[in-house]
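Following UniProt numbering, the numbering of the sequence shown begins with 1 at its first residue and continues without gaps. In this text, a Cβ means the ideal position worked out from N, Cα and C, and glycines have one as well. Worksheet: one structure, shown below.
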Amino acid sequence: QVLFPNEFLPALDLLDRKLVTRFRIGIEQPVPTTSNNATTAALDVQMQDSKVPLADNTPDNSDTVHYVRSVQQRSSRFSTSYDSTTSYEVRLRAWNCTCPAFAFAAFPSVHPEPPKRKTLEWMFGGVSLGEGMPPVCKHLLACVLAERCRCVFGECVEERRVDVETAAGWAAGWG
């Protein structure tokens with residue numbers, strides 16, 4: 001709370017309300033249709049243990065996108081009952097959130113020249129520019145906590161495996 005006095009508690013609130021959804025984008029793995037007993041038994045054992053991931057679950061997976069539903073309702077005369085909430089797209093690798101708070105934090109009135117970096121390892125702030133504190137919002141911080149502290153916040157995130165077409169629809173705002 002010392003590092004993020006304005007974002008930490010709202011980020012925990014988003015996780016507590018289970019408003020974060022992790023999208024794993026890719027082709028779904030087909031279920032074998034053969035009646036081979038060894039294959040079926042192995043698949044049954046794998047399906048019973050839901051805590052064991054079936055695919056690569058590394059936090060730096062480039063095919064992962066988070067969507068965070070907003071707590072606040074839209075206030076517009078054009079909104080309808082089914083379209084009353086906003087979802088923000090969060091990409092941790094690019095260190096980006098589509099919310100207005102992140103845009104204002106990312107583009108201040110004065111911005112220093114970016115330093116030259118040679119390593120591409122994960123770091124807080126992603127590929128952000130500058131040497132100071134990277135821009136952050138409550139949505140981005142909630143997703144970082146969910147990815148980096150999975151043993152604590154793993155149950156607070158809904159995970160979906162989607163194909164590319166569904167991911168494109170969400171990115172276009174058709175959710």
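For residue i, count the other beta carbons within 10 Å of its own beta carbon; 16 or more makes it buried, fewer makes it exposed. Which is it?
| i | result |
| --- | --- |
| Pro5 | exposed |
| Lys18 | exposed |
| Leu140 | buried |
| Ala168 | exposed |
| Pro100 | exposed |
| Phe153 | buried |
| Glu7 | buried |
| Cys147 | For the sequence presented, residue 147 should be read as Glu rather than Cys. It is buried - the Cβ of Glu147 has at least 16 other Cβ atoms within 10 Å. |
| Leu9 | exposed |
| Arg22 | buried |
| Pro108 | exposed |
| Val71 | exposed |
| Ala94 | exposed |
| Leu14 | buried |
| Arg160 | exposed |
| Asn144 | Going by the sequence as given, residue 144 is Val instead of Asn. Val144 comes out buried. |
| Val20 | buried |
| Cys149 | exposed |
Please name the residue or residues paired with residue i in a DSSP beta bridge.
| i | result |
| --- | --- |
| Asp96 | The sequence as given places Asn at residue 96; Asp does not occur at that position. Note: Asn96 sits in a beta bridge opposite Arg91. |
| Glu155 | According to DSSP, Glu155 bridges with nothing at all. |
| Phe23 | Val65, Arg160 |
Since I believe residue j is in contact with residue i (beta carbons under 8 Å), could you give me their beta-carbon distance rounded to a whole number of angstroms?
| i | j | result |
| --- | --- | --- |
| Val136 | Ala105 | 7 Å |
| Val68 | Tyr88 | 5 Å |
| residue 180 | Ala11 | Since the first and last residues shown for the chain are 1 and 175, residue 180 lies out of range. |
| Cys156 | Asp16 | 7 Å |
| Asp63 | Arg24 | 7 Å |
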